[in-house]
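Undergrad:
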Amino acid sequence: MRKATNWKEIVIRELIKKDNRICRLCNIALGDELTEIDHIVEKKNGGLDELSNLRLVHMICHKKRHLNFKPIPVVVLAGSLKQNASNQEKQMIITALNECKGNITHTAKSLCLSRKGLQLKMIKYNLRKPTVD
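Per the numbering used here, residue 47 is the first one in the sequence shown, and the count goes up by one each step.
#1: Three-state secondary structure (DSSP) at Arg101?
#2: Tell me which same chain residues have a C-beta within less than 6 Å of the C-beta of Thr81, skipping the five on either side of it?
#3: Lys167: which of Cys146, Asn133, Thr177 sits nearest, CA to CA?
#4: When burial is assigned at 16 or more other CB atoms within 10 Å of the CB, is Ala75 buried or exposed?
#5: Quick check on Thr177: buried or exposed, where buried means 16 or more other Cβ atoms within 10 Å of its Cβ?
#6: With 16 other CB atoms within 10 Å as the buried threshold, where does Asp95 fall?
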């Protein structure tokens, strides 16, 4: 095993031991996908860079937490799988656009899409940015 070269590697190694490779936001095992270090109490609220205030989380869970993104319930309707998937995708985009107050960049990040990818899906579903009061 190679020696850790920076503080981040050392912290990650310690958090893996502490959290048993479980994302502490969704309680699903951390695999080889991208992980991030999350402050339990955010630094802006006085949280410290101490192991007791840190946890490893999936990158997408971390982004959703900081965008205050709420999970969208899955609704199964009659019809084909393809049509249901399209309907669900459209509804997720509409909900995310509203949650992010029409901000395309935040919406795309919350859905793990590129801006361009989101824009193409908005064209596909004939969606427009919501107006914000």
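All C-beta atoms in this analysis are idealised placements derived from N, C-alpha and C, irrespective of residue type, glycine included.
TA: On the basis of the supplied data:
#1: In the three-state reduction of the DSSP assignment, Arg101 falls in the strand class, which pools E and B.
#2: Excluding sequence neighbours, Thr81 sits near Leu102.
#3: The alpha carbon of Lys167 has as its nearest neighbour, out of Cys146, Asn133, Thr177, the alpha carbon of Asn133.
#4: It counts as exposed.
#5: Under this definition Thr177 is an exposed residue.
#6: Residue environment for Asp95: exposed (fewer than 16 other C-beta atoms within 10 angstroms of its C-beta).
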